[in-house]
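> These protein sequences, in sequence, are chains A and B. Numbering of the first sequence is given in our numbering, commencing with residue 1 and proceeding in unit increments. Numbering of the second sequence is given in our numbering, commencing with residue 1 and proceeding in unit increments. All C-beta atoms, glycine included, are put in the ideal place defined by N, C-alpha and C.
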Amino acid sequence: QVQVVQSGAEVKKPGASVKVSCKTSGYPFTKYGFSWVRQAPGQGLEWMGWISAYNGNTNYAQKFQGRITMTTDTSTTTAYMELRSLRSDDTAVYYCVREGGDNTAYYFLYWGQGTLVTVSS
Amino acid sequence: DIQMTQSPSSLSASVGDRVTITCRASQSISRSLNWYQQKPGKAPKLLMYAISSLQTGVPSRFSGSGSGTDFTLTISSLQPEDYGTYYCQQSYSTTKTFGQGTRVEIK
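(1) Short of 6 Å in beta carbon distance, which residues of its chain neighbour GLY68 of chain B, apart from the five on each side in sequence? Order them along the chain.
(2) Interface residues of chain B around SER121 of chain A at Cβ under 8 Å?
(3) Enumerate, from N- to C-terminal direction, the unbroken beta strand (DSSP E) stretches of 3 or more residues contained entirely within the stretch 1-44 of chain A.
(4) Measure the alpha-carbon distance for GLN1 of chain A versus PRO28 of chain A and round it to whole angstroms.
(5) Residues of the stretch 20-34 of chain B with a CB closer than 8 Å to any CB of chain A: list them in chain order, please.
(6) Starting from PHE187 of chain B, find everything on chain A with Cβ-Cβ shorter than 9 Å and list it in chain order.
(7) Assuming LEU11 of chain B and CYS23 of chain B make a contact with CB atoms under 8 Å, what is their CB distance in whole Å?
(8) Does the separation of the CB atoms of SER63 of chain B and SER77 of chain B fall below 8 Å?
(9) Using the C-alpha atoms, what's the distance from SER88 of chain A back to ALA13 of chain B?
(10) Beta strand (DSSP E) containing LEU86 of chain A: first to last residue?
(11) Note down, in chain order, all residues in the stretch 48-65 of chain A with a beta-carbon under 8 Å from any beta-carbon belonging to chain B.
(12) At least one CB of chain B closer than 8 Å to the CB of THR104 of chain A: is that the case?
(13) Could you give the C-beta distance for SER21 of chain A and THR72 of chain A, rounded to a whole number, given that I count them as a contact under 8 Å?
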């Protein structure tokens, strides 16, 4: 069965960077891409961007352009999301999501358990 | 970016009630509309994709309809385990966006 397991909670100071990992198993890693979605406390879901596990192509939400990097490591079947220049309003639960679908539909199918990132001085 | 607007933002209904949540896109998104359910402290779960296709394991009391810009998620007979927040999401554009969520409470 497909598993998506994220790294543990992080506490960072403003201006620092955080790198969240997402270890997957149970399917051919390069067949599907990943999105990262975050959720601030008490708020809704915010899509941050996408990476292809096949060729590393990325598509970042404009809001995060310049301070986000998504990568994958096919040898360890792990996806990563790094966010730099952290601010207090980056405090959120960050989800790694493996996509699903085909040419007719695309959706967020397998969600990691979430990683709480707290930004505080 | 395509904006997704859900209504209502919250509702309270009794077990057995028929519940309807609507989602409107700022432009036509064809059939690229998905629904998720999120329970407190948990990751969202896919309920429905491509407007009306039920994800495996989701009870048949959930259904979806709509086209173009206006979509609906219906729970035909609300059950106690259906509490949580429901989100619509468009996958039409390369920038994916979610609705703001509809919180469902059981009376």
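By the coordinates alone:
(1) SER28
(2) Under the 8 Å cutoff, chain B gives no residues; its nearest Cβ is about 26 Å from SER121 of chain A.
(3) 3-6, 10-12, 18-25, 34-39
(4) Put simply, the backbone Cα of GLN1 of chain A is about 12 Å away from that of PRO28 of chain A.
(5) ARG31, SER32, ASN34
(6) With chain B covering only 1 through 107, there is no way to say anything about residue 187 of chain B.
(7) Not a contact, Cβ separation roughly 14 Å.
(8) no
(9) Per the coordinates, the alpha-carbon of ALA13 of chain B lies some 36 Å from the alpha-carbon of SER88 of chain A.
(10) Looking at the DSSP string, LEU86 of chain A is not in any beta strand (DSSP E), and its letter there is neither H nor E.
(11) TRP50, ASN59, ALA61, GLN62
(12) yes
(13) At roughly 10 Å, the Cβ-Cβ gap does not stay under 8 Å, so SER21 of chain A and THR72 of chain A are not in contact.
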